[in-house]
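Terminal number for the sequence shown in the working numbering: 692, no gaps in between.
Glycine is no exception: its CB is placed at the ideal position from the N, C-alpha and C atoms.
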Amino acid sequence: MKANETKVDKFLATNETTFAIPVYQRNYDWTIFQCKQLLHDIIEAGKNDKANAHFIGSIVYVHDDVYTASGLTELTIIDGQQRLTTITLIYIALFRLAKELENQMLVNRIQKTYLINEFAPEEEKLKLKPTENNKEALHHIINSIDNEEFMGYSNIIENFDYFRSAIKAENLEVIQRGLSKLIFIDIALDRQKDNPQRIFESLNSTGLELSQADLIRNYILMGLSRTNQDRIYKSYWEVIEKNAKDETLNKTRISEFIRDYLTLKNKEIPNKGDVYTKFKEKYPTSTIDELEIVLTELKSLVKYYNKLINPKKESDRQIRTQLEYINRLEINVAFPFLMKVYEDFSNKIIDKTIFISVLSTVQSFTFRRFILGLPTNALNKIFMGLYDKVELSNYLFSIQKSLLQRSGVQRFPRNTEIINALKEKDVYNIKPKNRTYLLERLENFQNNEPVIIEGNSDITIEHIFPQNPDPKWKIMLGADEYNLIKENYLNTIGNLTLSGNNGRLGNKPFLDKKVMNFDKKEQGYNFSRLWLNRDLKEKTKWDKFEIEERGNTISTRFIKIWEIPEIDMELESKNDEINIFDADDPKHKKLEYAIFFNQKLEVTQVAKLYTEVFRQLFDLQPETFFTTEIGDRLSLTKTPETNALRQAIPISETYFIEANIDNMGKFDRIKQALTIFGFEDELSIKYAD
4 MKANETKVDK FLATNETTFA IPVYQRNYDW TIFQCKQLLH DIIEAGKNDK
54 ANAHFIGSIV YVHDDVYTAS GLTELTIIDG QQRLTTITLI YIALFRLAKE
104 LENQMLVNRI QKTYLINEFA PEEEKLKLKP TENNKEALHH IINSIDNEEF
154 MGYSNIIENF DYFRSAIKAE NLEVIQRGLS KLIFIDIALD RQKDNPQRIF
204 ESLNSTGLEL SQADLIRNYI LMGLSRTNQD RIYKSYWEVI EKNAKDETLN
254 KTRISEFIRD YLTLKNKEIP NKGDVYTKFK EKYPTSTIDE LEIVLTELKS
304 LVKYYNKLIN PKKESDRQIR TQLEYINRLE INVAFPFLMK VYEDFSNKII
354 DKTIFISVLS TVQSFTFRRF ILGLPTNALN KIFMGLYDKV ELSNYLFSIQ
404 KSLLQRSGVQ RFPRNTEIIN ALKEKDVYNI KPKNRTYLLE RLENFQNNEP
454 VIIEGNSDIT IEHIFPQNPD PKWKIMLGAD EYNLIKENYL NTIGNLTLSG
504 NNGRLGNKPF LDKKVMNFDK KEQGYNFSRL WLNRDLKEKT KWDKFEIEER
554 GNTISTRFIK IWEIPEIDME LESKNDEINI FDADDPKHKK LEYAIFFNQK
604 LEVTQVAKLY TEVFRQLFDL QPETFFTTEI GDRLSLTKTP ETNALRQAIP
654 ISETYFIEAN IDNMGKFDRI KQALTIFGFE DELSIKYAD
């Protein structure tokens, strides 16, 4: 293996060489987002007279001296095809611009240096040899004339169209200078001596990649003097590393902590792989004084994050219990909010009673939603902005009010909903940790001698009407009721209990289970000290009526444990912020604003909302418009004149959709698209008064 620092333009200028993308490589999948970033870097490098080079990573290829029939050397690219293909698209855009400017010298230089092998046969002229599904698109952009439409969708076409629109005569020289400064690590493998597959796996192994936290740490420390590096690391980063660690799993969670911190600051949850990028955007390179302001806040909040992920570190027993519940339910999405509340408690802005009430309210809100099966992704938006709703003079009330005012998929489920849901919800086949949490809290409510269920192998879950009943059950109940219970009531809360003798009780008839006293060890329900078995002592039979009655008793206990706040307040009117799927008919209405992907859109007309939603969706996932029915319904086209669109609006630099439809039609199309994309909870609107 040979590794050298090489200039990109020199690499592409290699004579009589083909850069082949093997068939096992993934598709070319860079989007305009990555292309914009690369072009931005090239332009900045071109403008900077002091910078001689701009590093873009590595390109790994197999150089085994295998020649094509025409005598060309073929280099098999095994890592770096995305960058290599994108840079080729930039050179093609420069080539096409040079033609327009009638700069024949530049046309010849680009074409014969970077794009083709001049003396190769026609079918082998292109230096870049992409996979089969990209070859046609690449030939199209080199050989076609402007406005000649390519059939189908291709990232090659879309990204090239972007470069064509962004590269102009005014920035031509700057871009050429920037391209000449691009360098990469040129890693050449010899198939006879190296194992390309093993090296490829190593390059792409998650175990060897820098984590988001590593990148952020290096970003913070690398530019400092050695003295400041040592001081900042010991005073801040070492503290963050120590506290952002799950001690149970012995696993660092620095990346997750900073992700939660950025969520709190930006009101937007970064993708796990974008934490470093978002941190750089939020905190560009600055003075050490500005850096310490950020690190001071991180250092403060990480102390509370440490207790959220390690509840045993909290010395107060009552608070620790609530934290353990939150930890068991994995309500991690609430951490950005809870870190700030914890900080307020530590700073004595709120007292212990209010703090525990907030922790309890968070549990009630999330667990009630779980029982109803409401979408968990709605919690992201709720908790990222909840601290902004806090009124310091009316702390708990302001939080509870904000949660109670939400509607639709974001709502705080009411008691009636919970009672009805528990009648038929299968709570036996939910996640074991949630099932244990449910039964443990039901058992220990107002119990001064709590029973530990989690991790206790002596206590197991018992079906009162068994999963595999003794034949006597059918005789006692009759076939109809027996089948009814088995199909509809078996796993509901009314038929479940806890027992230390599950194996003994087994599938026996109910009365036998009650009085069992084998070897005088008191296995039956009559001898149990558990609350969940208390009412069973009085029962003489177990049928549909008894299951429903016990279910009602437990539901009453449930709504006392997971309380809904009882506060005097006016619920939001119909004109308040609401999910678009729950909104009234938009006919003859104006908007005050909308919230899409947690970002506020200053749109007052449905038409503007329509444009912005489809623009963002197309930018995010353009291929879906071509693989589902939404593209046809929107009359998506590159040529609105040819396709006779009555009112064409652009949703990208090259595509248009029909906008000559009424507000109801626009809403229908927006909702259809959100459903197709799986983003039903990402768009809320507020009608103007």
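Same chain only: Cβ atoms within 7 Å of residue i, ignoring 5 sequence neighbours per side
i, result
"L294", "I223"
"L375", "P416, E420, A424"
"F680", "L620, Q624, T627"
"N536", "T500, Y528"
"P589", "V609, N666, M667, F670"
"N471", "N510"
"T9", "I186, F187, D189"
"L41", "T89"
"N380", "D684"
"E613", "A quick correction: the sequence has Tyr, not Glu, at residue 613. Correct list, in chain order: A662, K669, I673."
"E484", "D546, K547"
Host alpha helix (DSSP H) of residue i (start-end)
i, result
"T280", "278–285"
"F187", "No alpha helix (DSSP H) contains F187, which is instead part of the beta strand (DSSP E) from 185–192."
"E661", "Looking at the DSSP string, E661 is not in any alpha helix (DSSP H); the run it does join, the beta strand (DSSP E), is 659–661."
"A140", "135–146"
"I421", "418–427"
Beta-carbon proximity list for residue i, same chain, < 6 Å, skipping 5 on both sides
i, result
"S258", "S214, Q215, A216, V278"
"M519", "Q526, G527"
"A191", "K5, H66"
"Q200", "Its pLDDT being 47, under 50, Q200 is placed unreliably by the model, and the measurement read from it follows with that caveat. The answer is none, since no qualifying residue turns up."
"A651", "P643, F659"
"T607", "K593, L594"
"K315", "none"
"F340", "F386, L389, Y390"
"S558", "I422, L425"
Beta strand (DSSP E) segment containing residue i, residue limits
i, result
"G60", "57–65"
"A6", "5–10"
"K128", "Element bounds for K128: n/a, residue is neither H nor E."
"L501", "499–502"
"F521", "That residue, F521, is in no beta strand (DSSP E); it is neither H nor E in DSSP."
"E121", "Looking at the DSSP string, E121 is not in any beta strand (DSSP E), and its letter there is neither H nor E."
"F22", "20–23"
"P474", "Where P474 is concerned, there is no enclosing beta strand (DSSP E), although the alpha helix (DSSP H) it sits in stretches over 474–480."
"A651", "651–653"
Which of helix, strand or coil DSSP assigns to residue i
i, result
"S208", "Low per-residue confidence applies at S208: pLDDT is 41, beneath 50, and the placement is therefore not dependable enough to give any value."
"L493", "coil"
"Y328", "helix"
"E685", "coil"
"T251", "coil"
"D82", "strand"
"F14", "helix"
"L109", "helix"
"F670", "helix"
"Y117", "helix"
"Y156", "coil"
"D692", "coil"
"E77", "strand"
"T640", "strand"
"E632", "coil"
"E626", "coil"
"E465", "strand"
"L403", "Rather than Leu, the amino acid found at residue 403 in this sequence is Gln. Helix at Q403."
"S238", "helix"
Pick from the options that is closest to residue i, judged by C-alpha positions
i, options, result
"K132", "Y307, Q470, L15", "L15"
"H591", "F670, I598, P653, I570", "F670"
"I46", "G181, S531, L267, N120", "G181"
"Q449", "R560, G634, I219", "R560"
"Y440", "K489, I422, T463, F513", "T463"
"D52", "S183, F163, V365", "S183"
"I145", "T91, P512, R86, Y264", "T91"
"L686", "Q413, V430, D12, G276", "Q413"
Beta-carbon proximity list for residue i, same chain, < 8 Å, skipping 5 on both sides
i, result
"H142", "L129"
"V305", "V242, I243, N246, A247, F260"
"S363", "Q325, E566"
"K641", "E152, T657, Y658, F659"
Unbroken alpha helix (DSSP H) runs of length 4 or more, entirely within the region 431–463: which are they? 435–447
Runs of alpha helix (DSSP H) wholly within the region 321–378 (minimum 4 residues, chain order): 338–349, 355–375
Could you pull out every unbroken alpha helix (DSSP H) segment of at least 4 residues lying fully inside the region 287–321, listed in chain order? 291–312
Where are the alpha helix (DSSP H) runs, 4 residues long or more, that stay fully inside the region 529–612, in chain order? Those alpha helix (DSSP H) runs which fall completely within the region 529–612 and span 4+ residues are 547–564.
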